[in-house]
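Note that the protein sequences, when read in sequence, are chains A and B.
Going from the first sequence to this note's numbering is simple: count from 1 and add 340.
Going from the second sequence to this note's numbering is simple: count from 1 and add 21.
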Amino acid sequence: MNLIVARLIAQRLALGLLLLFAVSILIFVGTMMLPGDVAQAILGQSATDQAVANLRAELGLNDPAWMRYLDWLGGILTGDLGTSLSNGQSIADSLLGRAGNTFFLAFWTALIAVPMAILLGLLAVRYQNRWPDRVISGATLTTISLPDFFIGYLLIYFVAVKLGWFPSVSTVYDGMPFVERMRAIALPAFTLTLIILAHMMRMTRAAILNVMQSAYIETAELKGLGGLKIIWRHAFPNSVAPVINVVMINLAFLVVGVVVIEVIFVYPGMGQYLIDHVAKRDVPVVQACGLIFATVYIGLNLIADVVSILSNPRLRHPK
Amino acid sequence: MSNELNFLTEQARRGRLSRRDFLGRAMALGMALPFASSVFAEAVSGTPIKGGLLKAGMQGGSSTDSLDPASWTSQVQFMFGKSWGECLTNVAPNGDLVPRLAEEVSSSADAKTWTFKLRQGVLFHNGQEMTAADVVATLERHSDEASESGALGIMRGLADIRTNGKYEVVVTTTEANADLPYLFSDYHLMIQPNGGKDAPDAGIGTGPYKVTEFEPGVRHSAERFEDYWNLDEWGHAAEIEITVINDPTARMAALQSGQVHMINRVEPRVVDMVKRLANIEVHNVSGPAHYCFPMHCDTAPFSNNDLRMALKLAMNREDMVERILRGYGSVGNDFPINGAYPLAPTDIPQREFDPDQARFLYERSGHSGPVVLRTSDVAFPGAVDAAQLYQQTCAQAGINLEIVRSPGDGYWSDVWNKEPFCASYWSGRPTQDQMYSTGYVSGADWNDTRFFNEQFDQLAVQARGELDQGKRALMYHDMAMILRDEGGLLLPMFNDYIEAHNNQVQGWVDHPQFEMMSGFALSRCWLSA
């Protein structure tokens with residue numbers, strides 16, 4: 341059994357690496373296709389031709405594209421992300437801080453949102469088509485139907501401006517006390533929770549309801565087991581696979597897709613960092629960010645696959 | 022003081038009463054002139070209070086920013102820069118030149134040799150004394166053809182820069198330039214130790230604040246430099262901080278909830294609502310910044326002056342100011358100068374919307390088919406709407422205007438200064454000469470209207486070297502007339518800077534040159550007790 345599982349996992353890993361390589365080429369080609377010129381974009385509207393020409397030469401933009409790509413790939417493999425074209429800072433240093441912030445926010449949001457979504461899903465199944473189910477479904481569907489920036493603005497207006505409970509500007513920095521930091525991320529974390537809750541909760545509810553039709557659930561009911569116990573002990577373990585997939589997609593979203601929330605709450609995460617550098621055609625930084633995003637996305641989906649495999653007895657105990 | 026006088030004082034403090042109005046009304050209440058005058062001065066400036074953390078939330082920062090003054094293009098960069106660095110000269114809110122690191126400026130009679138006498142005993146944040154060698158090195162660094170400095174364009178006319186003793190710098194120019202001391206107030210030309218040749222982005226200057234944190238595009242903070250040479254007038258807050266908040270709604274929320282004390286770029290559509298808030302003051306300051314539509318005078322069909330004039334007459338300027346700027350601006354007259362400039366011409370007739378005359382000239386130009394105008398959201402806020410409004414008024418004159426909307430990415434490299442007719446903006450320059458010589462003389466770096474006019478060029482050179490202000494003003498008047506009637510610039514509106522602060526902030530003085538008191542808001546304002 342272990343051998344088969346190990347082989348499956350190895351296969352997934354290899355596929356993931358291949359995907360990453362393909363993604364790096366895609367990002368590179370994509371940045372090449374952007375309109376405009378790096379040097380011009382860095383120097384802005386008021387750049388002189390001479391300054392643009394000087395900068396182009398200094399940045400090595402006159403080398404062919406494939407050479408620059410190979411240089412960069414070599415650097416990555418030896419752990420060197422290079423320096424930013426636009427402000428000359430080391431990419432590894434500045435990106436590390438930004439990535440740390442992104443993961444910090446994602447971690448605390450996930451810690452609240454995932455257990456809450458699953459719990460609400462279980463409750464919705466237990467009280468299916470009765471008022472708790474309707475309230476949970478209605479509320480979560482409302483929050484997912486509203487655009488994320490709108491929820492953010494509503495919270496800023498009521499919680500930050502009117503009540504003054506939490507700050508509307510979530511700037512965090514090195515050396516900020518932990519409690520301050522938690523206060524700063526309260527509003528963005530809450531907004532993100534509202535956004536991702538519905539998706540995970542609906543999937544939990546649907547997956548469990550699917551299993552609830554099975555004969556063995558009927559047996560458990562006839563045995564006289566309580567409603568929640570049947571759901572938790574017998575139905576939920578058999579519906580983990582689809583739920584874990586949705587959870588992982590949402591976790592990936594928390595890392596790679598929250599740029600709007602970052603802008604609204606002025607949170608110094610990776611999304612804003614990436615956008616700034618796309619605007620300046622800062623290819624090395626865009627590539628580095630893209631690669632990190634791709635790694636997170638592929639990695640989380642890998643975990644989802646592995647957990648699904650492990651949770652499926654037919655895969656764990658092949659004939 | 023009576024209640025009415027208290028009210029007047031408060032109005033004056035908020036900048037809603039001019040000195041003249043205040044004195045007039047105060048005297049009507051029976052106050053003697055000298056006393057009224059001093060009450061006004063106190064109400065406007067008050068006694069600065071030292072200490073506290075003064076915070077600004079600003080649009081215009083990016084994670085790609087650097088502390089190297091040569092690379093600065095946006096307001097967050099130069100606002101922070103003007104807190105830690107200093108130039109040789111400053112421009113006062115009334116347009117006068119005031120000394121800063123240079124104590125005295127004098128020129129030879131032909132305005133070609135300029136002597137800058139430096140203030141003695143000024144220290145850099147690293148403890149070194151600022152000397153003539155640092156100034157020369159700074160000017161050299163920015164005038165090097167291989168530099169990427171944003172000030173390279175204005176440094177081209179310098180023939181020689183040298184020290185004369187430890188505290189004197191002598192600059193000679195290739196041709197006469199009466200405006201040279203104004204050019205040295207450019208924010209790129211912050212004096213750095215050894216001109217920043219060793220470490221351009223070290224953030225070490227002679228300014229009232231020392232850099233403590235620099236996180237590009239996120240947060241910049243600084244603390245007072247206790248050895249600063251003029252702590253009476255500058256550097257009141259103990260610490261300052263700029264948070265980059267690019268989203269306008271988030272910026273306003275941060276101001277309302279008290280997380281920052283001042284913000285820039287308030288959106289015109291919310292100004293009326295914000296003015297109703299008790300603890301917030303909004304300032305709209307008319308400056309030299311403008312929104313415009315440059316046409317290339319050397320490209321058909323815009324090479325025909327009748328067509329250019331038809332397009333200028335088909336613009337409803339009042340409507341533009343009303344709808345695009347929501348009233349926070351003033352109409353333009355097809356030359357890039359307004360009252361924010363010293364020696365601005367005042368008696369030039371305003372060009373009005375005249376569809377009949379436009380139709381006549383358009384038909385006389387013999388052009389047929391659509392006229393293509395390129396626009397984009399990044400050209401200026403509301404540029405796409407402005408183009409559509411303009412399309413309507415062009416239609417009234419029988420001109421078929423075709424709008425091509427270009428993506429914001431790459432607009433400044435692929436469309437502006439490349440396509441013959443597009444939407445654009447200028448933030449203005451400190452002097453008329455600088456504005457004309459960067460954008461409108463034949464050899465200008467950014468001659469975005471491809472305007473080549475010998476008479477105009479000659480006037481520009483003459484005016485630059487003329488030390489008699491009366492004669493100079495006449496020349497500028499003639500230049501404005503030439504550009505207005507023959508040039509390729511369609512300039513419908515000058516946009517105001519709109520900024521706001523809460524009532525803890527004291528000492529605010531509107532500055533027409535640039536936003537946020539020309540970038541000095543953090544180093545000149547203080548927090549009320």
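All C-beta atoms, glycine included, are put in the ideal place defined by N, C-alpha and C.
- Only residues of its own chain outside the window of five on either side were considered, and among them Ala524, Ile525, Leu527, Pro528, Phe605, Val606, Tyr607 have a CB closer than 7 Å to the CB of Ser510 of chain A, listed in chain order.
- For Ser128 of chain B, DSSP records a beta bridge to B:Trp135.
- Secondary structure remark: continuous beta strand (DSSP E) runs of at least 3 residues inside the stretch 384 to 428 of chain B, in chain order: 392 to 396, 422 to 426.
- Taking the Cα positions, Ser448 of chain B is about 15 Å away from Ala404 of chain B.
- The beta strand (DSSP E) runs of length 3 or more contained entirely in the stretch 577 to 624 of chain A do not exist; there are none.
- According to DSSP, residue pairing for Ala77 of chain B in a beta bridge involves B:Ile263, B:Met283.
- Taking 8 Å as the cut-off, the beta carbon of Ser386 of chain B is found closer than this to the beta carbon of Asp327 of chain B.
- When the alpha-carbon of Cys108 of chain B is set against those of B:Glu288, B:Thr159, B:Asn147, B:Pro69, the nearest one is in B:Thr159.
- Neighbours of Asn267 of chain B in chain A, taken as residues at a C-beta separation under 9 Å, are given in chain order as Val603, Val606, Gln612.
- By the Cβ-count criterion, Val143 of chain B is buried, with 16 or more other Cβ atoms from all chains shown falling within 10 Å of its own Cβ.
- In the three-state reduction of the DSSP assignment, Ala521 of chain B falls in the strand class, which pools E and B.
- Taking a cut-off of 8 Å on C-beta distances, the stretch 515 to 532 of chain B touches the stretch 273 to 288 of chain B, as three or more cross pairs fall below it.
- With its beta carbon less than 8 Å from one in chain B, Ala391 of chain A belongs to the interface.
- In this chain, Arg245 of chain B is not harboured by any alpha helix (DSSP H); it is covered by the beta strand (DSSP E) spanning 240 to 245.
- A check of alpha carbon separations from Gln553 of chain A across A:Gly566, A:Ala575, A:Thr544 identifies A:Ala575 as the nearest.
- For Trp433 of chain B, the three-state secondary structure derived from DSSP is helix.
- In the DSSP assignment, Glu373 of chain B falls outside any alpha helix (DSSP H), carrying neither H nor E.
- A Cβ-Cβ distance of about 5 Å is found for the pair Pro229 of chain B and Tyr249 of chain B, placing them in contact under the 8 Å criterion.
- For Phe368 of chain A, the secondary structure class from DSSP, reduced to helix, strand or coil, is helix.
- For Thr511 of chain A, the chain B residues whose Cβ falls inside 7 Å of its Cβ are Val239, Arg240, Thr264, in order along the chain.
- Close to Pro624 of chain A, with beta-carbon spacing below 8 Å, lies no residue of chain B; the smallest spacing is near 12 Å.
- Ala91 of chain B is not a Cβ neighbour of Gly216 of chain B, given a cutoff of 8 Å.
- When C-beta distances to chain B are compared with 7 Å, every residue of the stretch 354 to 372 of chain A stays at or above that value.
- In the DSSP assignment, Ala180 of chain B falls within the unbroken beta strand (DSSP E) covering 179 to 184.
- At the C-beta level, Ala346 of chain A and Met372 of chain A stay beyond 8 Å of one another.
- The beta carbons of Val97 of chain B and Trp135 of chain B sit about 32 Å from each other, so the pair does not count as a contact at 8 Å.
- Under the Cβ distance rule, Glu520 of chain B does not count among the residues neighbouring chain A, no pair being separated by less than 8 Å.
- If you look at Ala479 of chain A, you'll find it isn't in any beta strand (DSSP E); it sits in the alpha helix (DSSP H) that goes 471 to 485.
- The Cβ-Cβ distance between Ala418 of chain B and Ala331 of chain B falls below 8 Å.
- Lys231 of chain B is bridged by DSSP to B:Glu244.
- In terms of Cα proximity to Phe356 of chain B, the closest of B:Phe314, B:Asp219, B:Tyr432, B:Leu179 is B:Phe314.
- Residues of chain A whose Cβ lies closer than 7 Å to the Cβ of Glu169 of chain B are, in chain order, Leu383, Ala391, Asn394, Leu395.
- Proximity of Val501 of chain A to chain B, defined by a Cβ-Cβ separation below 8 Å, is satisfied.
- Here the alpha carbons of Thr482 of chain A and Thr544 of chain A stand approximately 18 Å from one another.
- Nearest to Gly419 of chain A by alpha-carbon distance, out of A:Leu425, A:Tyr493, A:Ser426, A:Asp433, is A:Asp433.
- Only residues of its own chain outside the window of five on either side were considered, and among them Thr459, Asp466 have a CB closer than 7 Å to the CB of Gly174 of chain B, listed in chain order.
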